[in-house]
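These protein sequence lines map, in sequence, to chains A and B.
Residue 1 is where the first sequence starts when you use the numbering used here, and the numbers rise one by one after that.
Residue 1 is where the second sequence starts when you use the numbering used here, and the numbers rise one by one after that.
Glycine included, every Cβ here is placed at the ideal spot set by N, Cα and C.
Predicted model only: the values in this text are computed from it and were never measured.
Below is one structure, written out as structure tokens; the observations come after it.
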Amino acid sequence: MLRITYYVILLVSLFLTGCSATTAFRSYPDVVNPTIIEIRAGKNVDINSVFVGGVNSNDKILYLMERGRLAQFQGNFEASKRDFDDAIAAIKTNDQKAIFSLSGAVAQGSSAIVNDNTIPYVGDGYERVMLHHYQALNYLASGDLEGAAVEARISNAEQDESLDRHQKEIGRAEQLASENRVSSNSSEVEEIYGRMDKIIGGVKNSFQNAYSFYLSGVLYEMQGQFEDAKIDYKKALEIYPDNVYLKKDVSRLSAMFSSNDTEIIVFFDQGLVEAKQEQQIPIPVPVRRDFTLMAVAFPFYEPLQIEPEILNISDGDKTLGTTSVICDFNVLAMKALKEKIPSLVTHQVIRAIAKYTMAHQAEQRMGFLGSLGAAIYNLASERADTRSWLTLPANAQIFRGTIAPGEHTLNFSVDGAQASLKVDIVEKSKNIVYVIKMGNRLEVKILNSK
Amino acid sequence: MKFSNLVLIVCGLAVLSGCSSNMKVRYTDPTQGQVVSTEFSSTDLQLIAGAMVDSMMTFQPLAQITNLRQPVIMVDKVKNKTMQHIDTESVTDSIRAKLVKSGKFRFVDRTTEDAVMNELNFQKTSGMVDPAKAVETGKQYGAEYIVTGNISEITQTNTKVTDTYYKFTLVLKNLNTGLIDWTDEKEIRKIGTRGMFGN
Chain A
1 MLRITYYVIL
11 LVSLFLTGCS
21 ATTAFRSYPD
31 VVNPTIIEIR
41 AGKNVDINSV
51 FVGGVNSNDK
61 ILYLMERGRL
71 AQFQGNFEAS
81 KRDFDDAIAA
91 IKTNDQKAIF
101 SLSGAVAQGS
111 SAIVNDNTIP
121 YVGDGYERVM
131 LHHYQALNYL
141 ASGDLEGAAV
151 EARISNAEQD
161 ESLDRHQKEI
171 GRAEQLASEN
181 RVSSNSSEVE
191 EIYGRMDKII
201 GGVKNSFQNA
211 YSFYLSGVLY
221 EMQGQFEDAK
231 IDYKKALEIY
241 PDNVYLKKDV
251 SRLSAMFSSN
261 DTEIIVFFDQ
271 GLVEAKQEQQ
281 IPIPVPVRRD
291 FTLMAVAFPF
301 YEPLQIEPEI
311 LNISDGDKTL
321 GTTSVICDFN
331 VLAMKALKEK
341 IPSLVTHQVI
351 RAIAKYTMAH
361 QAEQRMGFLG
371 SLGAAIYNLA
381 SERADTRSWL
391 TLPANAQIFR
401 GTIAPGEHTL
411 NFSVDGAQAS
421 LKVDIVEKSK
431 NIVYVIKMGN
441 RLEVKILNSK
Chain B
1 MKFSNLVLIV
11 CGLAVLSGCS
21 SNMKVRYTDP
31 TQGQVVSTEF
41 SSTDLQLIAG
51 AMVDSMMTFQ
61 PLAQITNLRQ
71 PVIMVDKVKN
81 KTMQHIDTES
91 VTDSIRAKLV
101 KSGKFRFVDR
111 TTEDAVMNEL
121 NFQKTSGMVD
131 PAKAVETGKQ
141 YGAEYIVTGN
151 ISEITQTNTK
161 VTDTYYKFTL
171 VLKNLNTGLI
181 DWTDEKEIRK
191 IGTRGMFGN
């Protein structure tokens with residue numbers, strides 16, 4: 001009996017020490033939020049010292065994406081490019097790993113008795129698409145248009161691959177559920193996820209976004225490939241039919257006008273995407289031909305309708321126009337979570353069975369002490385997987401307009417925040433201006449003029 | 001299964017997953033096939049440059065011209081239309097180097113023009129260079145031919161297999177006539193399969 005207690009202590013302490021840097025026993029938003037609060041308050045964070053533990057942990061992909069994004073916001077495009085490169089390499093290594101790998105089995109094994117946070121983070125479809133999208137902006141900032149186009153192409157290909165992967169995952173979840181005789185239908189679960197439906201609306205899937213197709217179209221146009229540009233603008237319009245600039249671009253290129261105008265194109269990333277929250281839901285767990293209720297932690301998004309803040313752009317005192325929304329990342333993040341519910345519920349039920357069995361055995365062998373220990377362990381370990389890329393914007397907007405060649409002072413204002421940018425516009429050039437707003441801080445950079 | 005056994009297995013796996021192996025390094029022949037992944041590799045670069053230049057040299061109408069004289073040609077940077085960051089400047093350099101070594105052409109290079117302009121300006125305006133020994137401007141050769149190329153890629157992936165197809169196209173255009181005097185393409189296809197078991 002003493003020996004069993006010894007093992008329990010050993011096991012719990014092993015995971016507690018091994019996972020202190022990661023999020024097995026602490027929610028991911030709690031780890032990242034202090035940094036985000038600093039950024040929102042207008043402070044710069046030291047890229048070399050932030051998330052150092054995280055980028056060396058199992059969740060390195062996630063922390064590298066966060067840090068790369070912070071570096072980009074602060075205008076450090078080289079550091080951002082390095083972090084995104086590392087994240088891309090880590091994703092590739094992970095995708096090419098043997099189908100049944102030892103490290104994968106360890107993570108899955110510990111997730112079965114701890115929680116989903118012990119599975120290394122691999123990145124949701126929409127996050128992978130945006131990773132390449134933002135890497136393309138880093139290439140643009142370094143003056144490498146061809147490199148930017150490469151990243152945009154990968155970003156497009158990633159949208160197709162995610163569709164494929166998503167369908168397979170649903171198949172696997174169904175198989176796992178039937179093997180374990182688990183039903184993924186629970187009215188409580190349906191209730192919290194059902195609330196997200198009114199925000200998600202008619203969005204078809206989480207990984208296709210008009211913003212990335214638009215960037216790809218602009219890059220094609222800058223390289224003189226108008227046919228390719230038209231295809232991507234059309235795809236973007238199909239996904240987000242309400243954007244005014246998309247409609248113009250599609251009709252312009254359909255009439256075979258290659259744009260020789262001197263233009264400014266504004267990409268505006270507004271705000272920060274919502275974090276997942278956790279809710280304990282009692283779900284029926286099948287044990288010994290009977291059911292018992294166990295509290296299981298589920299991740300969910302608060303279904304808030306957030307109005308986008310629109311950016312006003314002027315050239316000196318002359319108003320140029322306002323941006324128009326092209327992608328809502330809160331909706332994509334919710335849809336991504338919704339897509340994973342069948343597999344999520346199945347995993348949670350299997351884990352609940354394992355934890356119930358553990359508690360039952362501990363009680364049989366050690367009586368009250370055992371069941372107390374098991375209860376404490378369950379309380380500590382029952383954590384929802386609330387990991388997601390939190391420095392993504394709440395939404396993305398675009399503006400496109402003509403401008404006369406020469407020197408200009410462009411002014412940007414949105415909801416109390418202001419910034420200006422001096423530019424020297426060359427005739428017949430496409431000038432990409434990248435504007436990011438986090439908190440009350442507005443950062444404006446010119447990425448490329450060609 | 002006993003609970004204690006489960007604990008032992010989990011601990012054992014945790015220890016094993018920490019293993020690593022040291023990297024071994026050796027020299028090898030650059031033209032020898034080294035298939036590591038489906039990505040564009042040094043072997044592909046060698047294959048492409050070699051095959052393309054051979055094809056161009058042995059093209060009959062062109063061989064007739066180069067037997068009589070050495071036409072002046074310019075090699076433009078190969079365009080990358082793939083989903084990888086390929087150093088196309090290096091591909092371009094390899095093609096040019098092979099063409100130069102054939103001795104059948106003479107070359108102009110516009111990529112170094114900035115440095116050339118600096119030097120010519122210095123010779124003219126600095127007052128440091130003996131005018132008799134300065135380079136006379138306006139006497140450079142113009143290219144008669146221009147070589148352009150691009151690499152494109154089609155990749156298809158499923159859980160187990162990555163199938164990548166590369167196509168490299170090279171075009172020789174006659175600047176006098178505007179006609180394409182020669183073109184060829186080289187295809188490479190690589191299939192990568194994920195292992196079933198590993199660490």
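Beta carbon proximity, residue i to chain A, threshold 9 Å
i	result
B:Phe-40	no
B:Asn-158	yes
B:Leu-84	Sequence inspection shows Gln at residue 84 of chain B; the Leu mentioned does not correspond to that position. B:Gln-84 counts as touching chain A.
B:Ser-37	yes
B:Phe-122	no
B:Phe-197	yes
B:Thr-88	yes
Any chain B beta carbon closer than 9 Å to residue i
i	result
A:Lys-97	yes
A:Leu-102	yes
Proximal chain A residues relative to residue i, where beta-carbon distance stays under 7 Å
i	result
B:Arg-194	Gln-96, Ala-98, Ile-99
B:Asn-80	Glu-146, Val-150
For residue i, three-class secondary structure by DSSP
i	result
A:Ala-417	strand
A:Phe-73	helix
A:Gln-223	coil
A:Ala-229	helix
B:Tyr-27	coil
A:Ile-113	helix
B:Asn-150	strand
A:Lys-85	Here residue 85 of chain A is Asp; the residue named in the question, Lys, does not match the sequence. Here A:Asp-85 sits in helix by DSSP.
A:Glu-146	helix
A:Asn-48	coil
A:Asp-290	strand
B:Val-108	strand
A:Asp-269	strand
B:Lys-39	The residue you asked about is not Lys; residue 39 of chain B is Glu in the sequence shown. Of the three classes helix, strand and coil, the one that applies to B:Glu-39 here is coil, per DSSP.
A:Met-438	strand
A:Val-507	Residue 507 of chain A lies beyond the range of chain A shown here (1 to 450); nothing can be said about it.
Cross-chain neighbours of residue i in chain A, by beta carbon under 8 Å
i	result
B:Thr-155	Ala-157
Any non-hydrogen atom of the ligand COA within 8 Å of residue i CB
i	result
B:Thr-183	No copy of the ligand COA appears in this structure; indeed no ligand is present at all.
Residues of the stretch 159-180 of chain A whose Cβ lies closer than 9 Å to any Cβ of chain B, in chain order: Listed by position along the chain: Glu-161, Asp-164, Arg-165, Lys-168.
Positions along the stretch 128-160 of chain A whose CB lies within less than 7 Å of some CB in chain B: Within the stretch 128-160 of chain A, contact with chain B at the beta-carbon level (separation under 7 Å) is assigned to Glu-146, Gly-147, Val-150, Arg-153, Ile-154, Ala-157.
Residue ranges of each beta strand (DSSP E) within the stretch 302-360 of chain A, 3 or longer: As far as the stretch 302-360 of chain A is concerned, its whole beta strand (DSSP E) runs of at least 3 residues are 312-315, 318-322, 324-328.
Runs of alpha helix (DSSP H) wholly within the stretch 57-97 of chain B (minimum 4 residues, chain order): You should have 60-68.
Ranges of the beta strand (DSSP E) found wholly within the stretch 376-432 of chain A, counting only runs of at least 3: Taking only runs of at least 3 residues, the beta strand (DSSP E) segments lying wholly in the stretch 376-432 of chain A are 395-402, 406-414, 417-425.
Runs of alpha helix (DSSP H) lying entirely within the stretch 127-190 of chain B, each at least 4 residues, in chain order: Here no run is fully enclosed.
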